[in-house]
Amino acid sequence: MIDLAIAQSPKDLTFEEFLRQNPQLMNSDLFLEYYKKETILNNPTARQEMVLPDIKPLPTLVMSQNKK
């Protein structure tokens, strides 16, 4: 999500400007759009390795460019 926001933002933004343009990144519950709580919070595997989302895929630059 952060990588996509960086790729879609002007390169000369300050950090504060970047956050103003991408306020969704400041939402501490953002991961719940993609993962069930039990999948990510209480899962020992998720603490050790990458766990794929179980609600919907994470946004990517490839998906974003295909929509254009």
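Quick note: to get my numbering, add 3 to the position in the sequence shown (first position is 1). Beta carbons are placed, not taken as given, at the ideal position from N, Cα and C, and that holds for glycine.
1. Shortest alpha-carbon distance to Q27 belongs to which of L7, D15, K40 and L55?
2. Nearest-angstrom Cα distance between S12 and L35?
3. Going along the chain, which residues of its own chain have a beta-carbon closer than 8 Å to the beta-carbon of T48, five neighbours each way excluded?
4. What number of angstroms, rounded off, separates the C-alpha of I43 from the C-alpha of R50?
5. May I ask you to report which of helix, strand or coil DSSP gives E52?
Reading from the atomic positions:
1. The count along the sequence shown starts at 1 and reaches residue 27 at position 24. Closest option to Q27, Cα to Cα, is L7.
2. Taking the first residue of the sequence shown as 1, we reach residue 12 at position 9. Taking the first residue of the sequence shown as 1, we reach residue 35 at position 32. Each residue's Cα considered, the two are about 24 Å apart.
3. Position 45 of the sequence shown holds residue 48. Excluding sequence neighbours, T48 sits near V54.
4. Residue mapping note: residue 43 aligns to position 40 of the sequence shown, counting from 1. Residue mapping note: residue 50 aligns to position 47 of the sequence shown, counting from 1. When rounded, the distance between both Cα atoms is 8 Å.
5. Against the sequence shown, residue 52 aligns to sequence position 49. Residue state, collapsed to three classes: coil.
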